[in-house]
Every structure is written in C-alpha cells, then in structure tokens.
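Peer 1:
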Amino acid sequence: MTRTIEPPVATGRHVNSTLLVVYLSLGGLAFAVLQSLVAPAMSTIARDLNASTADISWILTAYLLSASVLTPILGRLGDMVGKRRVLIAVLAVLAAGTLLAALAPNLAVLIVARALQGAAGAILPLSIGIVRDELPREKVAVTVGLLSAIFGVGAGVGIVGAGPIVEHLSWHWLFWLPLVLVIVALLGAVFGMQESPVRTPGRLDMLGASILSVSLVSLLLAISKGQAWGWSDPKTVGLLALGVVALVVFVLVERRVKEPLVDMRLMSIRGVWATDLVALILGFAMFGTFLLVPTLLQLPAATGYGFGKSVSESGLFLLPTVLMMVVFGPIAGLLNRRFGPKVPLFLGAVAVVAAFTLPAVAHGAVWQVLASGLLTGAGIGLSFAAMSNAIIESVPAEQTGEASSVNTIARTIGSSVGTAVVAAVITSKSTPQGLPTDAAFTAGFWACAGVAVLAVLASLALPSAHRRHEQAVAVGVEDLPPEPAELHLPHLPHHHDTQPAELDAPHSHSTRG
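In terms of this note's numbering, the sequence shown opens at residue 23 and continues consecutively.
If you want it as structure tokens, here you go:
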C-alpha cells in the first residue's frame, strides 16, 4: 500500500494541544450523549407523536444502522483525504441531524434526523487518528484514554440527563442542548485545527463497503428487532443468516482487493483482533448495566426488590459510573505508558466481572447498586481507553482510521447484542402484573458477569509488551513509544500467531519471542 507520510515535527507547525483535545472531546461527547439520551424518553416521545412502541423504536435503530454502516467508510476516507476534512463534514452532518430532530414535527422526520446523527459514528476513530498525528508521542496514550472515556461518559450522561430534561422542558430539548456542543466542536475543527499530513492515497473500495453494509444492517436489524418479531421468526433468522454470509463474503473480497476498505492483514495481528473481541464483549456489558440498573431502581418498592425511584432519580444513580469513567480513562493512559495496553485492559475487564458479580449475588440494598456502578465505571474507563491505545500501537499511523473504525463497530454490535439479550432475560420472568421478577434481574446480572469473564480471557490473548513491540515494528509502525516495562500477566495459549514478517516486514526485527 502506498504511503505518504510527512512527519508533523518536520513541518514546523504549532498545535495548541489543549484546545485540540477540547474540540475533539466536545464532538465525541455530543455524539455519545445523543446515542443514549433518547432511550429513557422513548415513551414520552411516542405519546407526543402518537406512535406505537414498535414504530418509535426506529429512532434508536436508524441511529444504530447509520453509525455502523458509515463508521468504517468515513474512517477509511479520513485516512485517505485527511482526518480533519472528514471530521468537519461529519460534525456538519451531525449538527444538521440534531437541528432537524429538535424541530421534528412527526416520527418520519425524527427517524431521518436520527439516521443523519448516526452518520457521526466515525468521530471517535477520526479523533484518535488526529491525536496520534498531531500530539507529541508522550501525550498520545493519556489523551486517547481521555477521549475513549468520554464516549463512555457521554452514554452515561445521556441516561442521567434524559429524565430531568423531559420532565422540566420537553423532549425537543434532548436535541437543542447537545446541538450547542456540536456547533462549538464544528467551529473548533474549522478554525482551530490544521489538516494532518498523514495520508494513505487511494480509492474507496465501494464493493467492500456495499457488502459490509449489507452484513451490518442485516445483523443489527435482526438483533434489535428480534425481541419484537420473535427470535424464530423467518425475518429474524433470514436476516441473521444473510448478515453472517455477507460478512464471510466481505472477508474473502477484501483479501483480494488491491485497496481494501479494511486491510485483513491488520485484522490478523493478535493485538488488533484480541482488542476487537474485548470491545465486542464489553459493549455488551456496558449497555447491560444501562438497562438493568435503571429498570431495577424504577420498579415499585412494593415488589420487595424494586426501589421506587423516578426516571430522574434512577438516572442520578448512574452518576458515580460516569465519574469513574472520567477518572479511570486517563489513568489507563498512564498505565499504558508504563506497562503497555494489556495491563489496563486486563484490570478493566476484571473490574467489570466484579461489577456484575456483586449485584448478581445481592442487589437488595442501595449501596450494592452504587458499588456495582463504581466498579462498572472504573472497568469501562480502563478498558475503553486501553483498547484505543492497543489499536494505535499495533497499526501504522496511516491506517489508524480503518483499524479504530472496526473496533468502534465491534463495540456497537456488542452494545446491540447486550441490549437485546438483557431485555430478553428480564422480560422472560414476569410477575402477574407484568413486571420483571427478582430472579430475572439476578439472571441478567449473572449473564453480564459471565460475558465479562470472556473479556478477561480475550485481554489475556493480547501479546506481551515485547512481542507487541516486535510486531508493531514489523508492520511499519514508526511512532512507537519506548518499549514498556514487562509485567508478566498470564497468556492464553496461541498455537497459531501471525508472524509479523508475513504481514509486511520492511524493517528488521529481533527474533525473541
């Protein structure tokens, strides 16, 4: 693949790193808030627009489908034509979609607006790429940690803020308030950023983009609608089958295309595929907690296990989770600088297992719910930040966008599966009044804890610090930090590990394993 890299240091450009991070953070925060802000207000919006439950769910589905389809395409475009240029276009579309949603007179317009908002799913991969291209190497890990944590924070802020906004203003303000953040971020990108010199010239792989779109739309539509349609319904089964077949075809096509949308050689690097697997699993766990905890808190106290909280009050219980994400994202960056990404990723996954095991054993007291939230925030903050750093330390700078996009999609698919599975679990056991039983919540927490154990195992599949360093040099990563101190975490046995030399080995490297 042709590469044209002009190192930022050589250009004599001066980047205001603080302002750059502020603008990128605001854009990421606005996108993440919009992703979750609507969910708690669905019933209010449905009443106001005279829409059925099935129809109103499309405002979540349209957003999800648009984000998953356009993230890899826009991430790759950013690598090709310039990340700032694509980021400006993405923020402009997000602003237009948010304004349209705020003014939406009916459900059809609101669904179109949500699809436009979803197109901004590429903000995180583009932002990570810009940070890597523009900031000094020693600042990258902590800054990427902060940006990744902000995406988790935004999801929490959306759920916390939705209740009070709808109660005291109206659902239209769910969009007016984030619009301010989007406009500030857009102005910052236009006037406060310079275009990155790191590019991968080429053409966009339209065939690959089309096949991947068919696969993702089929899978996510089946997952998000499976509960309503029935999991054995021909539509659900047919879409799942089509999604899997299209994904297989996509991989086969991408291996043969000269300029692929997603370079499959990248996906065969253990530091990349193991990180994507963790993203998929923890996406499931994070949205599991966002569904289980508010539902449990809002159930009437008369049930004997509910807490009788209002939507606004139950949202406030997620504030500790959000705060812990803010704190532990940058801590993950510091750990990454000292030991590499495997350590914070492992610690984060362990914290998430503990976060769900505690309420699975007992969730009758408020302190148990709060302690679970604190552990969830710490675990997600550590893990999400470490994932982004693991990706950028495994792939060349000019492929940051496409590799980070795949990681973002894995997280999106995980969150969709988590929401669907947890919803199915808590509705499977109901009281005569139609409320979830206490046993249903216990099952939901155990399901998330079990899934999080898989994230611990996947984190152990990451290569050791030395091995990752070797592989990164071999695939042409030119901005590696110094090799970190080795902390000997256990390794999963790996009988087959892609040799760096098979990928692209213009550089010599040591043969130490």
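Every residue gets a Cβ at the ideal spot worked out from N, C-alpha and C, and that includes glycine.
Rounded C-beta distance between G440 and G310? I'm assuming under 8 Å.
Peer 2: Right, the Cβ-Cβ distance comes to about 5 Å (below 8 Å), so this counts as a contact.
Peer 1: Quick one: Cα of L251 to Cα of S237, how far?
Peer 2: The sequence shown places Trp at residue 251, rather than the Leu named in the question. Cα to Cα, the separation comes out at about 19 Å.
Peer 1: Could you name the residues of the same chain whose beta carbon sits closer than 7 Å to that of G423, not counting the 5 residues immediately before and after it, in chain order?
Peer 2: Excluding residues within five positions, the ones whose Cβ falls inside 7 Å are G97, R98, G100, D101, K105, P147, L148 and G151.
Peer 1: Counting Cβ pairs, one atom from each stretch, are 3 or more of them under 8 Å apart for the stretch 347 to 359 and the stretch 400 to 411?
Peer 2: Yes, the stretch 347 to 359 touches the stretch 400 to 411.
Peer 1: Please check the pair Y45 and G248, which I expect to be a contact at CB under 8 Å, by giving their CB distance rounded to whole angstroms.
Peer 2: In fact, because the Cβ distance is near 39 Å, the residues do not count as touching under 8 Å.
Peer 1: Per the DSSP calculation, S452 is bridged to which residue(s)?
Peer 2: Bridge partners of S452: P458.
Peer 1: M346 and G403: beta carbons closer than 8 Å?
Peer 2: Result yes, Cβ atoms of M346 and G403 sit closer than 8 Å.
Peer 1: How would you call R489, buried or exposed, if buried means at least 16 neighbouring beta carbons within 10 angstroms?
Peer 2: R489 is buried by the Cβ-count criterion.
Peer 1: What would DSSP say about H190, mapped onto helix, strand or coil?
Peer 2: In the structure shown, H190 sits in a helix (DSSP, three-state: H, G or I).
Peer 1: What did DSSP end up calling R292 once you bin it into helix, strand or coil?
Peer 2: Residue state, collapsed to three classes: helix.
Peer 1: Just list the alpha helix (DSSP H) runs in the stretch 261 to 291, keeping only unbroken ones of 4 residues or longer that don't cross its boundaries, in chain order.
Peer 2: Entirely contained in the stretch 261 to 291, the alpha helix (DSSP H) runs reaching 4 residues are, in chain order, 286 to 289.
Peer 1: Can you list, in chain order, the residues of its chain with a C-beta nearer than 8 Å to that of P316? Leave out the 5 residues immediately preceding and following it.
Peer 2: Hits under 8 Å: P62, I181, V333, S336, G337, F339 and L340.
Peer 1: Can you list, in chain order, the residues of its chain with a C-beta nearer than 7 Å to that of A425? Leave out the 5 residues immediately preceding and following it.
Peer 2: So the qualifying residues of the chain are L288, V294, I413 and V417.
Peer 1: What are the boundary residues of the alpha helix (DSSP H) that N358 is part of?
Peer 2: Run containing N358: L341 to F361, per the alpha helix (DSSP H) assignment.
Peer 1: Heavy atom of the ligand FAD less than 7 Å from the Cβ of D460, yes or no?
Peer 2: The ligand FAD is not among the ligands present in this structure, which contains no ligands whatsoever.
Peer 1: Residues in the same chain with beta-carbon distance under 8 Å from I233, minus the five sequence neighbours each way, listed in chain order, please.
Peer 2: The residues are A268, V271, F272 and V275.
Peer 1: Cβ of G436 within 8 Å of Cβ of L302?
Peer 2: Contact: yes.
Peer 1: So M102 is in the alpha helix (DSSP H); what residue range does that whole segment cover?
Peer 2: M102 -> alpha helix (DSSP H) spans W80 to V103.
Peer 1: Cα-Cα, which of D460, G49 and V344 is closest to A117?
Peer 2: Considering only alpha carbons, the answer is G49.
Peer 1: In chain order, what residues of the same chain have a beta carbon less than 8 Å from the beta carbon of I110, not counting five sequence neighbours either side?
Peer 2: Cβ neighbours of I110 beyond the five flanking positions: L208, A211 and V212.
Peer 1: Compare the C-alpha of V162 against each of P458, T449 and E415 and name the closest.
Peer 2: The shortest C-alpha separation from V162 is found at E415.
Peer 1: Distance, Cα to Cα, T120 vs S39?
Peer 2: Rounded to the nearest angstrom, the two C-alpha atoms are 28 Å apart.
Peer 1: State the DSSP-derived secondary structure class of D298, mapped to helix, strand or coil.
Peer 2: Note: D298 maps to helix in three-state DSSP.
Peer 1: Would you decide whether A561 is buried or exposed? Buried here means 16 or more other CB atoms lie within 10 Å of its CB.
Peer 2: Nothing in the structure corresponds to residue 561, since the chain is present only between 23 and 535.
Peer 1: How should W253 be labelled, buried or exposed, when 16 other C-beta atoms within 10 angstroms of its C-beta is the threshold for buried?
Peer 2: It counts as exposed.
Peer 1: Assuming D155 is part of the alpha helix (DSSP H), what are its boundary residues?
Peer 2: Start and end: I145 to E156.
Peer 1: In terms of residue numbering, what span does the alpha helix (DSSP H) encompassing V202 cover?
Peer 2: Element bounds for V202: W195 to G214.
Peer 1: Taking only three categories from DSSP, how would you classify G34?
Peer 2: Model confidence at G34 stands at a pLDDT of 41, short of 50, so the residue's coordinates are unreliable; what they give is reported in the following sentence. Of the three classes helix, strand and coil, the one that applies to G34 here is coil, per DSSP.
Peer 1: Out of V91, A263, V206 and M308, which has the shortest C-alpha to C-alpha gap to A142?
Peer 2: Among V91, A263, V206 and M308, the Cα nearest to that of A142 is on V91.
Peer 1: Does the distance from the CB of A442 to the CB of S450 come in under 8 Å?
Peer 2: No. Outside cutoff.
Peer 1: Would you give the residue range spanned by the alpha helix (DSSP H) that A400 belongs to?
Peer 2: Looking at the DSSP string, the run of the alpha helix (DSSP H) that includes A400 is V388 to I414.
Peer 1: Compare the beta carbon distance of F53 and I145 with 8 Å and say whether it is the shorter of the two.
Peer 2: Closer than 8 Å, so yes.
Peer 1: Specify the secondary structure class of P62 as computed by DSSP and reduced to three states.
Peer 2: P62 falls in the helix class under three-state DSSP.
Peer 1: Using only the alpha-carbon positions, how far apart do K364 and G472 sit?
Peer 2: So the alpha carbons of these two residues sit roughly 21 Å apart.
Peer 1: Could you spell out where the alpha helix (DSSP H) holding W251 opens and where it closes?
Peer 2: Where W251 is concerned, the enclosing alpha helix (DSSP H) stretches over M228 to W251.
Peer 1: On the three-state DSSP scale, how would you describe E160?
Peer 2: In the structure shown, E160 sits in a helix (DSSP, three-state: H, G or I).
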